[in-house]
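Participant: If you use mature numbering (1 follows the signal peptide of the UniProt record, and there is no 0), the sequence shown corresponds to residues -25 to -1, 1 to 541, in order. Backbone N, C-alpha and C define an ideal beta-carbon position, used for all residues, glycine too. Can you keep this structure in mind? I'll have questions shortly.
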Amino acid sequence: MGLQQDTVTWFVGILFLSTLFLCSADVHHYEFFVRESNFTKLCNTTTLLVVNDSYPGPEIRVRRGDTVFVNVHNQGNYGFTIHWHGVKQPRNPWFDGPEFITQCPIQPGTNFTYEVILSDEIGTLWWHAHSDWTRGSVQGAFIILPAENETYPFPTPDADQTIILQSWYNGDYKQIIDQALATGIPPRQPDAYAINGNLGDTYGCTNDTIFRMQVDYEKMYLLRIINAAMNEQQFFSITNHTLTVVAQDASYVRRFTSDYILISPGQTMDVLVSANQNVGQYYMATRPFSDASAMPPDNITTGIFQYTNSEGGLNASLITLPARDDTNATNSFISRIRNTNVTQNPPLNVPTGIDRRVFITIATNTVPCNTSQCLLPNRFVASLNNVSFVFPRIDILQAYYNSSTGGVFTEDFPLNPPVFYDFTGNLTGFNTRAELGTRAVVLNYGEAVEIVLQATQLGGGGSHPIHLHGFSFYRVGSGSGNFNNETDPRTYNLVDPPLINTIHVPGKGWAALRFFANNPGVWFMHCHFERHSSWGMDTVFIVRNGTTTETSIRPPPSTMPRCPGT
């Protein structure tokens, strides 16, 4: 059933893309020079690894269906990779970017050119380093405009503005996680949050800058909002202005209005805002959301939505954001996001006859800490189905493609939890140990796949943003408590589920997603809270080749970075 349905999916998709590509697709070239630079914030100077001496890094701006070549020069002190978040890279996993999953790091003093192939993505995505915590400073926007002669499915905005929400640390991001992993304790919390690299006016350092967005009265603006924070979901609002959500994760959604948005790390959201209030200056603001036991700092970071020829008018007491632990605000906002039936979106094609079901529990755990730097007998890890992912020293894609998997990974990731228990109940005294391993799920080309992600109360509990590389998928359902495989599927939305690449799994609850395995390759799935991914809340989905060249992985480029020791 899945294979037959996928043939139809592939054909419909080809027709959709062919229609778009009747407009000429362009090829773009960018040069990224990655090196250490100094930045002063919170009255403290910090050395960060950044691209082209900027934080955030340069914006890529292209059109739907274009191809982008990015030559990355590593002029820094350690290796890294770059991931093009939300770009599906059809048949092209070699340039997806996650370190030791699809490539080995670009070593200092070397360069590597990525080929980024766009297909049906539209709107706002982003790029970031995918090594350790380097993405905290190596990051930028990836803007995909409509193809030539293609229109927006909403009133054309007068201008657009990228808004990147960030975590700021007084310190080197890689050193922070390296120290935490060596000692076995959680990494420290951020010192502040930022909007486009600016900390605003709430942290007490008079030298800190505030982001200002200049607007004209009665003009319409498209905000391209990216949550690039390390471990924090974020609320965002503009005082006295209504936000109209029009897209998420490079796919259009049914328009709806809200006083705020909730956006998880990894996610992107396109929002219209009309400058229709009294001419003046209005705060834009962001603060974290968390439903975990270990809360992030409850800091509010500000920017200014400033009308032309206006002065004064700022009033911090008018900032209206949900409280840091407001789960009702979070769930209410997410529940309103639906797919929209517009010609600019790929035809809706939600899998119904499922070939492969995967049920994954999410947890934080402990294992014995056996190094001389350990501060406690046990160290923190995280897991999916009680397997804490261990990154190999040779990338999995290379090993899989060359059929030399021995000692690199195994193809036996459990499709169900090893033990069923009251996942969302009181787990005091429950065994928190996890197994270490590099275990993958193998899918046949064209299979219709359903993954149910179940949050647990093991460890700190709370919600999780789970990102799957290589695919956009349909969020068909979510709920509270333990997933019931008989009753909960009856609540699925198979009519207009949003098409996304990063899914919010609610604390003490579950979320379900579906997709067709029609992109051959090795694709990483992980929590986009960096501390959880660093602890092992990750796995790999391998999609086997189909029966034709057009359904098989492209040959590897000859320029792939060499793995250490090879």
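So does Asn13 have its beta carbon nearer than 7 Å to some heavy atom of the ligand PLP?
Facilitator: This structure does not include the ligand PLP; it has no bound ligands of any sort.
Participant: May I ask which residues mark the beginning and end of the beta strand (DSSP E) holding Asn306?
Facilitator: Within the sequence shown, residue 306 is the residue found at index 331, counting from 1. Looking at the DSSP string, Asn306 is not in any beta strand (DSSP E); the run it does join, the alpha helix (DSSP H), is 302 to 310.
Participant: Check each candidate in Pro531, Ile152, Phe395, Met500 and name the one with the smallest Cα separation from Gly111.
Facilitator: The sequence position of residue 111 within the sequence shown is 136, counting from 1. It is Ile152 whose Cα lies nearest to the Cα of Gly111.
Participant: Within this structure, are the beta carbons of Tyr420 and Gly496 separated by less than 8 Å?
Facilitator: Looking up residue 420 in the sequence shown gives position 445. Looking up residue 496 in the sequence shown gives position 521. Their beta carbons are not under 8 Å apart, which means Tyr420 does not touch Gly496 by this criterion.
Participant: Can you pull the DSSP bridge partners for Arg537?
Facilitator: As a working note, residue 537 is residue 562 in the sequence shown. Looking at the DSSP assignment, Arg537 forms no beta bridge with any residue, so it has no partner.
Participant: Among Tyr257, Pro440, Asn253, Ser249, which residue has its Cα nearest to the Cα of Pro240?
Facilitator: Taking the first residue of the sequence shown as position 1, residue 240 is located at position 265. Closest by alpha carbon: Pro440.
Participant: Is it buried or exposed, Ala298, if we count other Cβ atoms within 10 angstroms and call 16 or more buried?
Facilitator: Along the sequence shown, read from residue 1 onward, the residue named residue 298 stands at position 323. By the neighbour-count rule (16 or more Cβ atoms within 10 Å), Ala298 is not buried but exposed.
Participant: Using CA atoms only, rank isn't needed, just tell me which of Val515, Ile238, Gly435, Phe398 is closest to Phe499.
Facilitator: Within the sequence shown, residue 499 is the residue found at index 524, counting from 1. Checked all of Val515, Ile238, Gly435, Phe398; the closest Cα to Phe499 is Val515.
Participant: Is the stretch 147 to 163 touching the stretch 500 to 512 in the sense that three or more CB pairs, one from each, lie closer than 8 Å?
Facilitator: A contact exists between the stretch 500 to 512 and the stretch 147 to 163.
Participant: Taking only runs of the beta strand (DSSP E) that begin and end inside the stretch 220 to 255, which ones reach a length of at least 3 residues, in chain order?
Facilitator: Taking only runs of at least 3 residues, the beta strand (DSSP E) segments lying wholly in the stretch 220 to 255 are 226 to 233, 236 to 238, 243 to 249.
Participant: Suppose the cutoff is 7 Å on Cβ atoms and the five residues either side in sequence are ignored; what does the same chain contact list for Thr526 look like?
Facilitator: What you label residue 526 is simply residue 551 of the sequence shown in a count that begins at 1. Contacts found: Tyr420, Pro495, Asn520.
Participant: To the nearest angstrom, report how far apart Val365 and Thr336 are at their CA atoms.
Facilitator: Within the sequence shown, numbered from 1, the residue matching residue 365 stands at position 390. Within the sequence shown, numbered from 1, the residue matching residue 336 stands at position 361. Each residue's alpha carbon lies about 17 Å from the other.
Participant: Beta carbon of Gly436, beta carbon of Lys483: below 8 Å?
Facilitator: As a working note, residue 436 is residue 461 in the sequence shown. As a working note, residue 483 is residue 508 in the sequence shown. Closer than 8 Å, so yes.
Participant: Would you grab the beta carbon distance between Gly54 and Pro83 for me? Rounded to a whole angstrom, and I think it's under 8 Å.
Facilitator: The residue given as residue 54 occupies position 79 in the sequence shown. The residue given as residue 83 occupies position 108 in the sequence shown. Yes, Gly54 and Pro83 are in contact; Cβ-Cβ is about 7 Å, under 8 Å.
Participant: Report buried or exposed for Leu390, applying the criterion of at least 16 other Cβ atoms within 10 angstroms of its Cβ.
Facilitator: Here residue 390 is taken as the residue at index 415 of the sequence shown, counted from 1. With fewer than 16 other Cβ atoms within 10 Å, it is exposed.
Participant: Can you grab the Cα-Cα spacing for the pair Trp102 / Thr295, in whole Å?
Facilitator: Reading the sequence shown from its first residue, position 127 is the one you call residue 102. Reading the sequence shown from its first residue, position 320 is the one you call residue 295. For Trp102 and Thr295, the distance between alpha carbons rounds to 30 Å.
Participant: For Asn124, count neighbouring Cβ atoms within 10 angstroms of its own Cβ and tell me buried if that reaches 16, exposed if not.
Facilitator: In the sequence shown, residue 124 corresponds to position 149, counting from 1. It is exposed - the Cβ of Asn124 has fewer than 16 other Cβ atoms within 10 Å.
Participant: Since Ala104 sits in a beta bridge, which residues does DSSP pair it with?
Facilitator: Here the question's residue 104 lines up with position 129 in the sequence shown. Ala104 pairs with Ile57.
Participant: Buried or exposed: which applies to Pro532, given that a residue is buried once 16 or more other Cβ atoms fall within 10 Å of its Cβ?
Facilitator: Reading the sequence shown from its first residue, position 557 is the one you call residue 532. By the neighbour-count rule (16 or more Cβ atoms within 10 Å), Pro532 is not buried but exposed.
Participant: Is it buried or exposed, His4, if we count other Cβ atoms within 10 angstroms and call 16 or more buried?
Facilitator: Position 29 of the sequence shown, counted from the first residue, corresponds to residue 4. Exposed is the call here.
Participant: I'd like the list of long-range same chain contacts for Leu(-4), defined as Cβ closer than 7 Å, with 5 residues on each side in sequence excluded.
Facilitator: Counting from one through the sequence shown, the residue named residue -4 turns up at place 22. Residue placement at Leu(-4) is poorly supported in this model, since its pLDDT is 47, which falls under 50; the coordinates still yield a value, given next. If we look at Leu(-4) and ignore the five residues flanking it on each side, it has no Cβ neighbours.
Participant: Taking three-plus beta-carbon pairs below 8 Å as touching, is the stretch 120 to 134 in contact with the stretch 333 to 353?
Facilitator: At 8 Å Cβ cutoff, the stretches do not touch.
Participant: Looking at Gly400: is its Cβ nearer than 8 Å to the Cβ of Asn340?
Facilitator: Locating residue 400 in the sequence shown gives position 425, counting from the first residue. Locating residue 340 in the sequence shown gives position 365, counting from the first residue. Not a contact, by the Cβ cut-off of 8 Å.
Participant: Okay, do the stretch 170 to 190 and the stretch 14 to 21 touch, 3+ Cβ pairs below 8 Å being the bar?
Facilitator: The stretch 170 to 190 vs the stretch 14 to 21: in contact.
Participant: The beta strand (DSSP E) with Tyr89 in it runs from where to where?
Facilitator: Position 114 of the sequence shown, counted from the start, is the residue given in the question as residue 89. Residues 86 to 92.
Participant: Based on DSSP bridge pairs, tell me the residues matched to Glu123.
Facilitator: The residue you call residue 123 lines up with position 148 of the sequence shown. Glu123 pairs with nothing; no bridge assigned.
Participant: Here's the rule I'm using: 16 or more other beta-carbon atoms within 10 Å means buried, otherwise exposed. How should Thr308 be labelled?
Facilitator: Here residue 308 corresponds to residue number 333 of the sequence shown, with the count starting at 1. This sequence places Phe at residue 308; Thr is not what is there. It counts as buried.
Participant: Can you tell me whether Leu293 is buried or exposed? The criterion is at least 16 other CB atoms within 10 Å of its CB, across all chains shown.
Facilitator: As a first step, residue 293 must be located in the sequence shown, where it is residue number 318. Per the 10 Å Cβ criterion, exposed.
Participant: Alpha carbon to alpha carbon, how far is Ala492 from Glu410? Give it in angstroms, no decimals.
Facilitator: For the purposes of this step, residue 410 is taken as residue 435 along the sequence shown, with counting starting at 1. For the purposes of this step, residue 492 is taken as residue 517 along the sequence shown, with counting starting at 1. Roughly 28 Å between the two C-alpha positions.
Participant: In the DSSP output, which residue or residues are listed as bridge partners for His3?
Facilitator: In the sequence shown, residue 3 corresponds to position 28, counting from 1. According to DSSP, His3 bridges with Val43.
Participant: Where do the ends of the beta strand (DSSP E) carrying Leu174 lie?
Facilitator: Along the sequence shown, one-based indexing puts residue 174 at 199. Segment: none, Leu174 is in no beta strand (DSSP E) and carries neither H nor E.
Participant: In the structure shown, what three-state DSSP assignment does Asp183 receive?
Facilitator: What you label residue 183 is simply residue 208 of the sequence shown in a count that begins at 1. In this structure, Asp183 counts as coil in the three-state DSSP scheme.
Participant: Cβ atoms of Arg332 and Glu422: under 8 Å apart, would you say?
Facilitator: Against the sequence shown, residue 422 aligns to sequence position 447. Against the sequence shown, residue 332 aligns to sequence position 357. Taking 8 Å as the Cβ cut-off, Glu422 and Arg332 do not qualify as a contacting pair.
Participant: Among Ala487, His444, Leu443, Pro80, which residue has its Cα nearest to the Cα of Pro464?
Facilitator: Reading the sequence shown from its first residue, position 489 is the one you call residue 464. Comparing Cα-Cα distances from Pro464 to each of Ala487, His444, Leu443, Pro80, the minimum goes to Ala487.
Participant: DSSP on Ser453, reduced to helix/strand/coil?
Facilitator: One-based indexing of the sequence shown puts residue 453 at position 478. Strand.
Participant: Provide the residue span of the beta strand (DSSP E) that contains Gln208, from first to last.
Facilitator: Translated into the one-based positions of the sequence shown, residue 208 becomes position 233. Start and end: 208 to 213.
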